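Residue numbering for the sequence shown follows this note's numbering, starting at 1 and increasing by one per position. Quick reminder that beta carbons are idealized off the backbone N, C-alpha and C, glycines included. All values derive from a computational prediction rather than experimental measurement.
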Amino acid sequence: MSEEVASSRAKNETWEWLKALGIAIILAFIIRTFLFAPFIVDGESMEHTLHNNEKLVVNKAIYYLSEPKRGDIIVFHAEEKRDYIKRVVAVAGDTVEAKDDQLLINGKVVDEPYLAQNRKEAAERKIPLTEDFGPYQIGEGQIFVLGDNRLNSHDSRAIGPVGLDRVVGRAEFVFWPFSDIRVTR
Numbered sequence: 001m002s003e004e005v006a007s008s009r010a011k012n013e014t015w016e017w018l019k020a021l022g023i024a025i026i027l028a029f030i031i032r033t034f035l036f037a038p039f040i041v042d043g044e045s046m047e048h049t050l051h052n053n054e055k056l057v058v059n060k061a062i063y064y065l066s067e068p069k070r071g072d073i074i075v076f077h078a079e080e081k082r083d084y085i086k087r088v089v090a091v092a093g094d095t096v097e098a099k100d101d102q103l104l105i106n107g108k109v110v111d112e113p114y115l116a117q118n119r120k121e122a123a124e125r126k127i128p129l130t131e132d133f134g135p136y137q138i139g140e141g142q143i144f145v146l147g148d149n150r151l152n153s154h155d156s157r158a159i160g161p162v163g164l165d166r167v168v169g170r171a172e173f174v175f176w177p178f179s180d181i182r183v184t185r
């Protein structure tokens, strides 16, 4: 084989590798920007559902097709340089309030099985898990979010309803640590 042919093959192979790398970078950018993104839980506001420093996947595409629903765990832009993760408890048109340690949506008590451990701990301390608040009327294009650890959560009780334009996506599953891989619900 001549040097010219070998040089040509090497250039073709290099070009093919560069094209593959370029395509991979473009696909990664598209996936991260529009479809899925990693998120690290910072703090204890979602205990016992999510734990500090857990890493999870956020589905960014889901809310292109529909709006957040009650019970969804979402990530949203809370501050200019900080995102929060909380649970949606009320959507546009709802009236939300808490009375006597019960969450009420449109005057009806909401079953919140994901709070079982937190309720038990609050009862042992002889304090309510959810202090009375509201009522708040949720406007069009807004949602009301609460942390599952109601005693230690900076959420809509303090920052008000969250605009849908600030929602990043829905938390889908925890992928780190490996021993705790699970779907978030």
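- DSSP places residue 123 within a helical segment (H, G or I) once states are collapsed to three.
- Only residues of its own chain outside the window of five on either side were considered, and among them 128, 129 and 151 have a CB closer than 7 Å to the CB of residue 122, listed in chain order.
- Assignment of residue 20 by DSSP, reduced to helix, strand and coil, places it in the helix class.
- Less than 7 Å separates the beta-carbon of residue 98 from that of residue 133.
- Non-local beta-carbon contacts of residue 48 in its own chain, meaning distances under 6 Å to residues more than five positions away in sequence, involve 117 in chain order.
- Three or more beta-carbon pairs drawn from the region 38 to 46 and the region 54 to 68 are found closer than 8 Å, and the two stretches are therefore classed as touching.
- Residue 73 is a Cβ neighbour of residue 171, given a cutoff of 7 Å.
- For residue 158, the uninterrupted alpha helix (DSSP H) run begins and ends at 156 to 159, by DSSP.
- Within the DSSP bridge table, the entry for residue 90 names 144 as partners.
- One Cα belongs to residue 83, the other to residue 4, and the distance between them is close to 56 Å.
- Between residue 94 and residue 138, the gap from beta carbon to beta carbon is short of 7 Å.
- Residue environment analysis places residue 18 among the exposed positions, since fewer than 16 neighbouring C-beta atoms fall within 10 angstroms of its C-beta.
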